[in-house]
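These protein sequence lines map, in sequence, to chains A and B.
According to our numbering, the first sequence is numbered sequentially starting from 1.
According to our numbering, the second sequence is numbered sequentially starting from 1001.
Have a look at the structure below, then the notes.
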Amino acid sequence: MNHPGLFDAMLCIAKRDLLIAMRRRADVLTTLIFFVIVASLFPLGIGPETAVLRMMGPGVVWVAALLASMLALGRLFAGDYADGSLEQITLSPQPLSLLVLAKVAAHWLVTGLPLVIVAPLIGLQFDLGADALQVLIASLLLGTPTLSLIGAIGAALTLGLRGGGALLSLLVLPLYVPVLIFGAGAVEAGSAGLGAAAHLSLLGALLLMALVFSPWATAVAVRIAVE
Amino acid sequence: MSINWFKYSSPPSFYPLAGKLTPFFFVAAALFTVTGFYISFFVAPTDFQQGEAYRLIFIHVPAAWMSMFLYVVMAFWAGVGLAFNTRLSSMMASALAPTGALMTFIALLTGSLWGKPMWGTWWVWDARLTSELILLFLYLGFMSLQAAIDDPRRADKAGAVIALVGVVNVPIIYFSVKWWNTLHQGASVSLTRSPSMAATMLTGMLIMALAFWMYSFAVTLMRVRCIILERERNTDWVKQLMEQRP
Chain A
1 MNHPGLFDAM LCIAKRDLLI AMRRRADVLT TLIFFVIVAS LFPLGIGPET AVLRMMGPGV
61 VWVAALLASM LALGRLFAGD YADGSLEQIT LSPQPLSLLV LAKVAAHWLV TGLPLVIVAP
121 LIGLQFDLGA DALQVLIASL LLGTPTLSLI GAIGAALTLG LRGGGALLSL LVLPLYVPVL
181 IFGAGAVEAG SAGLGAAAHL SLLGALLLMA LVFSPWATAV AVRIAVE
Chain B
1001 MSINWFKYSS PPSFYPLAGK LTPFFFVAAA LFTVTGFYIS FFVAPTDFQQ GEAYRLIFIH
1061 VPAAWMSMFL YVVMAFWAGV GLAFNTRLSS MMASALAPTG ALMTFIALLT GSLWGKPMWG
1121 TWWVWDARLT SELILLFLYL GFMSLQAAID DPRRADKAGA VIALVGVVNV PIIYFSVKWW
1181 NTLHQGASVS LTRSPSMAAT MLTGMLIMAL AFWMYSFAVT LMRVRCIILE RERNTDWVKQ
1241 LMEQRP
């Protein structure tokens, strides 16, 4: 019998998560709708003056994307933890960190990538120019996977705990701050004409570090939660 | 004679040791504090630029140093507890967290009180202040996570993961004034260059740092004794201890 290799196992987990997400599209869409609504709340609260909105736009879009991404984290492991499949995944012979990486990748595809696609439309609401929108897309493309990876650590640590979402936010938001600073900073630098290369490079560095260390930390956290 | 290095890694042998050491650390802290306050108020000269308000440095800098140091120590013990599955190491990490959070809060508060007369503002979002604020959130997150988990062993391990993930913030705080253009003053004290402040000021600051360190030792040892009694309450040695008390 063919023993499934590592890549097959990762693909299998990713496909399963994508299938489950597709069957519960409402869960996925609520994240997106939350993003749009939160980003729309700021102009309503601060006033419609275009100059102010253009200045705040990058930060607001980034904070809204960050909060939406964090809200979606509750769904990353909770379903599998509740019905026991997470325990079965930890028992597999494949390295848990890579299986977790596959889960996070599938999760990003259904929660992070839609944010990246819709963000330019929100950016238009804030009267951001074309080059600012380009940098916004690039920064979110680099930033949202980092947020999913870092958030996965928090999601695994808070599995099955009371306090749930608020505790997850308290754990994960301090770790999100560098990504937010460089992400919003990239867009502001881009629209000020200073060039976003430095910020985007640092965002890329954060993504690479998260790719290397976060699956391992998440796997440790999953084992702690499951035992 | 071979030394058993691990004798004090068991709660029943560490508990009395901590009890014996605590008074010494309190006395040392008191002595250093009195000396430090004397120097800071009566010996250190008035600053050329800042006048008398600079004397907050004698609380602000030691508190900030301790906030970073205690986090690293906490992450170290939490890591040891996670790797070697030792209970006492994790208890030590849990004991360090509230003191570390207090030091961070004192650093932020005294910094804010100093910033108003010096910079004209209570707060500014520069790299060092922001990263110190994040340190406070990391401490609070560690304490909340441990409070939310009922099983103490799971709480130890989960706390260890979050403490170790957050330890990357400490070098960021330390190097923030070097890496970024910040309003906060750069490093005046270095291991490789001579200090850029008056000798009496430096002495006072170092003595106050020692005072804060001795205080942290004393309070943490007291707290870890409480945690030991709580966690080990079903063991014989704790039951005997409780019977001996009136």
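Using N, Cα and C, we set each Cβ at its ideal position, and we do this for glycine too.
At which residue ranges does the stretch 138 to 223 of chain A contain complete alpha helix (DSSP H) runs of 4 or more residues, listed in the order of the chain?
-> The qualifying runs are 164 to 191.
Run down chain D in chain order and give the residues with a C-beta less than 8 Å from the C-beta of Val177/A.
-> The chain inventory of the structure shown lacks chain D, comprising the protein chains A and B.
For the 8 Å Cβ check, are there 3 or more pairs between the stretch 66 to 80 of chain A and the stretch 151 to 167 of chain A?
-> These segments touch.
Touch check for the stretch 1168 to 1182 of chain B and the stretch 1021 to 1037 of chain B: three-plus C-beta pairs under 8 Å?
-> Fewer than three pairs of CB atoms, one per stretch, sit closer than 8 Å, so the stretch 1168 to 1182 of chain B makes no contact with the stretch 1021 to 1037 of chain B.
Taking all protein chains shown into account, do 16 or more other C-beta atoms lie within 10 angstroms of the C-beta of Ser69/A, making it buried, or fewer, making it exposed?
-> A residue is called buried when at least 16 other Cβ atoms come within 10 angstroms of its Cβ; Ser69/A meets this threshold and is buried.
Cross-strand partners of Gly1051/B (DSSP beta bridge) | For Gly1051/B, which the question treats as bridged, DSSP gives the partners Asp1047/B.
Could you check which residue in Leu1108/B, Arg1055/B, Phe1048/B, Gln1050/B has the C-alpha nearest to that of Phe1042/B?
-> Sorting Leu1108/B, Arg1055/B, Phe1048/B, Gln1050/B by C-alpha distance to the C-alpha of Phe1042/B places Arg1055/B at the top.
Quick one, which residues of the stretch 158 to 169 of chain A are near chain B if we go by CB-CB under 8 Å, in chain order?
-> For the stretch 158 to 169 of chain A, which is checked against every Cβ of chain B, the residues closer than 8 Å are Thr158, Leu161, Arg162, Gly163, Leu167.
What in chain B is Cβ-close to Leu171/A, meaning under 7 Å?
-> Residues of chain B whose Cβ lies closer than 7 Å to the Cβ of Leu171/A are, in chain order, Gly1141, Leu1145, Ile1162.
Rounded to the nearest angstrom, how far is the Cβ of Leu147/A from that of Val179/A, given a contact under 8 Å?
-> Right, the Cβ-Cβ distance comes to about 6 Å (below 8 Å), so this counts as a contact.
Same chain, Cβ closer than 7 Å to Ala1028/B, neighbours up to 5 away in sequence not counted | These residues qualify, in order along the chain: Met1214.
Pairwise C-alpha distance: Ala221/A and His3/A | Annotation: His3/A to Ala221/A spans about 27 Å, alpha carbon to alpha carbon.
In chain order, what residues of the same chain have a beta carbon less than 7 Å from the beta carbon of Val116/A, not counting five sequence neighbours either side?
-> Cβ neighbours of Val116/A beyond the five flanking positions: Ile137, Leu140, Leu141, Thr144.
Chain-order list of residues whose beta-carbon lies under 7 Å from that of Thr1203/B (same chain, five-residue window excluded) | Same-chain partners within the cutoff: Ile1039.
Should Thr1104/B go down as buried or exposed, given a rule of 16 or more other Cβ atoms within 10 Å for buried?
-> When all chains shown are included, Thr1104/B counts as buried.
Cβ distance (whole Å) where Ala210/A is taken to contact Leu200/A below 8 Å = The C-beta distance from Ala210/A to Leu200/A rounds to 15 Å, too long to meet the 8 Å contact threshold.
Limits of the unbroken alpha helix (DSSP H) element including Phe1058/B = Start and end: 1057 to 1084.
Does the Cβ of Met1242/B have 16 or more other Cβ atoms within 10 Å, making it buried, or fewer, making it exposed?
-> Burial call: exposed.
8 Å Cβ cutoff, Ile1228/B in contact with chain A = In terms of beta-carbon proximity, Ile1228/B stays away from the interface with chain A, with every pair separated by 8 Å or more.
Spatially closest choice to Leu1070/B from Met1201/B, Ser1216/B, Thr1121/B, by CA coordinates | When only C-alpha atoms are compared, the closest one is Ser1216/B.
Would you identify the three-state DSSP class for Arg24/A, choosing helix, strand or coil?
-> Arg24/A: coil per DSSP, three-state reduction.
Measuring alpha carbon to alpha carbon, tell me which of Leu207/A, Arg223/A, Val212/A, Phe182/A ends up nearest Ala198/A.
-> Cα-wise, what sits closest to Ala198/A is Phe182/A.
Using a threshold of 8 Å, state whether the C-beta atoms of Ser97/A and Pro215/A are closer than that.
-> By the CB criterion at 8 Å, Ser97/A and Pro215/A fall inside the cutoff.
Using the Cα positions of Tyr1139/B and Asp80/A, report the straight-line distance between them to the nearest angstrom.
-> A direct Cα-to-Cα measurement between Tyr1139/B and Asp80/A gives close to 30 Å.
Would you grab the beta carbon distance between Val60/A and Phe42/A for me? Rounded to a whole angstrom, and I think it's under 8 Å.
-> Taking the Cβ atoms as the reference, Val60/A lies roughly 5 Å from Phe42/A, within the contact range of under 8 Å.
Throw me the rounded Cβ distance for the Ala1198/B and Pro1062/B pair, which I believe falls under 8 Å.
-> Between Ala1198/B and Pro1062/B a beta carbon distance of about 17 Å is seen, past the 8 Å cut, so the two are scored as non-contacting.
Val172/A to Leu66/A, Cα distance in whole Å?
-> When rounded, the distance between both Cα atoms is 11 Å.
Beta carbon of Leu157/A, beta carbon of Leu1145/B: below 8 Å?
-> Yes. Within cutoff.
Within the 8 Å Cβ cut-off, does Lys1157/B reach chain A?
-> Taking 8 Å as the threshold, the shortest C-beta distance from Lys1157/B to chain A falls below it.
Buried or exposed: where does Phe1025/B fall if 16 or more other Cβ atoms within 10 Å of its Cβ makes it buried?
-> Buried, because 16 or more other Cβ atoms sit within 10 Å of the Cβ of Phe1025/B.
Take Pro1016/B as the anchor and find which of Ile1207/B, Leu1221/B, Glu1230/B has the nearest alpha-carbon.
-> For the residues Ile1207/B, Leu1221/B, Glu1230/B, the minimum Cα distance to Pro1016/B belongs to Leu1221/B.
Which first and last residues belong to the alpha helix (DSSP H) in which Ile1149/B is found?
-> Boundaries cannot be given for Ile1149/B, as no alpha helix (DSSP H) includes it and DSSP labels it neither H nor E.
Whole-angstrom distance between Ile1173/B and Arg23/A, CA atom to CA atom = Whole-angstrom Cα-Cα distance: 45 Å.
Can you give me, in chain order, the residues of the stretch 213 to 225 of chain A that have a beta carbon less than 7 Å from any beta carbon in chain B?
-> Residues of the stretch 213 to 225 of chain A whose Cβ lies closer than 7 Å to any Cβ of chain B, in chain order: Ala217, Val220, Ala221, Ile224.
For Trp1005/B, count neighbouring Cβ atoms within 10 angstroms of its own Cβ and tell me buried if that reaches 16, exposed if not.
-> By the 16-neighbour rule on beta-carbons within 10 angstroms, Trp1005/B is exposed.
With 8 Å set as the bound, which would you pick, yes or no: does the beta-carbon of Pro174/A sit closer than that to a beta-carbon of chain B?
-> Taking CB atoms only, Pro174/A has a neighbour in chain B less than 8 Å away.
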